[in-house]
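Numbering (my numbering), first residue to last: 12 to 63. Everything on this sheet refers to the single structure shown next.
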Amino acid sequence: ADFEAVEVIIDSGNGNKEIAIKRTKLAKNLQHIDKLNSLEIAQKAKVKWAIE
Numbered sequence: 012a013d014f015e016a017v018e019v020i021i022d023s024g025n026g027n028k029e030i031a032i033k034r035t036k037l038a039k040n041l042q043h044i045d046k047l048n049s050l051e052i053a054q055k056a057k058v059k060w061a062i063e
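The structure is reproduced here in structure tokens:
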């Protein structure tokens, strides 16, 4: 299940402990991906600045 599907389940009031745990894990994964993307963008900016 993806994050959006889990959100729909929770929003509809049909969530349980397993769904809550799944949502937490998915949210942590998304935060990790966002962090990696930010680091990658920062690194590219440093390389671009160093080249110029």
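From the three backbone atoms N, C-alpha and C, an ideal C-beta is built for every residue, glycine too. Note that this is a predicted model, so its numbers are computed, not measured.
| Check | Outcome |
| --- | --- |
| Integer Cβ distance of Ile-21 from Arg-34, believed to fall under 8 Å | 6 Å |
| Outcome for Val-17 when other beta-carbon atoms lying within 10 angstroms are tallied against a minimum of 16 | buried |
| Beta-carbon proximity of Leu-41 to Phe-14, cut-off 8 Å | yes |
| Backbone secondary structure at Asn-27 - three-state DSSP | coil |
| Delimiting residues of the alpha helix (DSSP H) encompassing Glu-15 | 14-22 |
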